[in-house]
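Step one of this worksheet: look at the structure below.
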């Protein structure tokens, strides 16, 4: 184990572990993008009212308030021969089955039955299976690997795998969607073609990445009182949740398909535009070096600045491809630090918990962030549906001639300035996240305590 630890502290991870670890992240990332098309599917394929759909999906999040905290608590309390967090990796299979069900609503059903089907399937996907995956991710990472350099590598260089997979999906899916049109049967078959292989590669992490490290030495056992204490005393997790919330609100808008249908008037260009994210993706190679000179928080703040500039460029772009390409590159440079560095902030919050003499509770911390993830997505979907309906958008119109100018302007705003305004708020709020200034000293003290606890146990 000594040699393995030495290599890991240099940031080296075996090829098999590296790829299988990130395949699950990529699988879940693609599902997060895919579920964003739910409003378009419901309005233009099932021909349901946009505001009704948004309200129903928002209502399903009430269940999340219970499942997220329970999932985090469940992970923190789990002790099996397979590990604490590793057993919950099987939720990736359930996630894809439920996602396929979301997009497989029989058109012969009544409006009420369609709504019930969508809500139940969506709730199973997001409130049950996605909740477990969000709760176990960071807890799994710190027990499968054991150095900050490795965490950075998995979240940055490893993040290239996730972003590349999502980029390929963003290029391919618009063409698949255009071929499916508004045929519900074709949509079901299309999603199944994606769900089956992505579920298989997503579960590989479970088989090839074991939990090896005990980071709980000397920590008190977890009980529900500790969850309440965490919610009251660990203020830093709320800043992490805010960043995730805003990112998912914007993702939940799912407005790109509307923008390229009604503003650019060429849906196939949406996939081509996604290729420009590759340029932004290359900046992730520099993250490990950048994080030696700045904190994770500072990197995320830099991302916020890029996104604000991107919003201004995209508002001016309309159907100008050069400006759209520039805006999308800047948008990618803005979103990547936010989407990829989240686990590192959660680890900081867990380190703070341990430094305060409490259990690390990565599961609960992850579930709080996961709750923000899903609530953000639901709020984004709700806002998109309500604002589009208020602006006069008519589902399945298929022609800008029947859309009022107010609807076209709303599509432009949801694609550009509104997201920029949200990230301006995040940029300001992160000024009050001060944990990054004292985390190194806390980690040193935590390590000394663990070593002392191990010596006491051996004695």
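In the UniProt record's numbering, the protein residues as written are 1 to 459. The C-beta atom is built at its ideal place from N, Cα and C for all residues, glycine as well. Note that the structure is predicted; figures quoted are calculated from it, not measured.
Simplified DSSP assignment, three categories, for residue i
i	result
residue 233	helix
residue 181	coil
residue 80	strand
residue 443	helix
residue 406	helix
residue 398	Note on residue 398: pLDDT 49, under 50, position unreliable in the model; no value is reported.
residue 42	helix
residue 3	Low confidence applies to residue 3: its pLDDT is 45, below 50, so where it sits in the model is not reliable enough to give any reading.
residue 360	coil
residue 152	helix
residue 17	helix
residue 85	coil
residue 60	helix
residue 186	helix
residue 306	helix
residue 294	coil
residue 255	coil
residue 106	coil
residue 375	helix
residue 35	helix
residue 170	helix
residue 66	helix
residue 222	coil
residue 393	coil
residue 157	coil
residue 95	helix
residue 12	coil
residue 147	coil
residue 47	coil
Presumed contact (8 Å Cβ cut-off) between residue i and residue j, rounded CB distance
i	j	result
residue 138	residue 25	Their Cβ separation, rounded to whole angstroms, is 12 Å, which puts residue 138 and residue 25 out of contact at 8 Å.
residue 319	residue 442	Between residue 442 and residue 319 the Cβ distance is about 51 Å, and since that is not below 8 Å, they are no contact.
residue 43	residue 53	7 Å
residue 335	residue 303	7 Å
residue 305	residue 427	7 Å
residue 280	residue 333	5 Å
residue 430	residue 387	Going by Cβ atoms, the distance from residue 430 to residue 387 rounds to 26 Å, so no, they are not a contact pair.
residue 274	residue 179	The Cβ separation is near 17 Å, so there is no contact.
residue 205	residue 20	5 Å
residue 436	residue 296	7 Å
residue 125	residue 385	Incorrect: roughly 18 Å between the Cβ atoms, too far for contact.
7 Å Cβ cutoff met for residue i and residue j
i	j	result
residue 377	residue 252	yes
residue 211	residue 83	yes
residue 93	residue 199	yes
residue 135	residue 72	yes
residue 127	residue 67	yes
residue 355	residue 446	yes
residue 315	residue 433	no
residue 140	residue 60	no
residue 30	residue 166	yes
residue 338	residue 243	yes
residue 40	residue 394	no
residue 236	residue 423	no
residue 107	residue 184	yes
residue 368	residue 453	no
residue 201	residue 23	yes
For the segment 374-385 and the segment 95-104, state whether three or more C-beta atom pairs, one from each stretch, are separated by less than 8 Å.
no
Jot down the residue ranges of each uninterrupted alpha helix (DSSP H) in the segment 190-220, minimum 4 residues, whole runs only, in chain order.
204-208
Give a yes or no on contact between the segment 355-371 and the segment 222-232, applying the rule of three or more CB pairs nearer than 8 Å.
yes
Can you confirm whether the segment 150-167 touches the segment 336-347 when touching is taken to mean that 3 or more C-beta pairs between the two stretches lie within less than 8 Å?
yes
Can you find at least 3 beta carbon pairs, one from the segment 88-95 and one from the segment 403-412, that sit closer than 8 Å?
no
Using a Cβ distance threshold of 8 Å, determine whether the segment 143-150 contacts the segment 126-134, with at least three qualifying pairs required.
no
Ordered list of alpha helix (DSSP H) runs contained in the segment 261-287, each at least 4 residues:
Correct list: 268-274, 277-281.
If we count Cβ pairs, one from each stretch, closer than 8 Å, do we get three or more for the segment 320-328 versus the segment 288-298?
no
Evaluate the contact criterion for the segment 168-180 versus the segment 11-23: three or more CB pairs, one atom per stretch, below 8 Å.
These segments do not touch.
Quick check for students: name the residue ranges of the alpha helix (DSSP H) that lie wholly in the segment 409-443, counting only runs of 4 or more.
417-429
Ranges of the alpha helix (DSSP H) found wholly within the segment 317-364, counting only runs of at least 4:
321-340, 342-355
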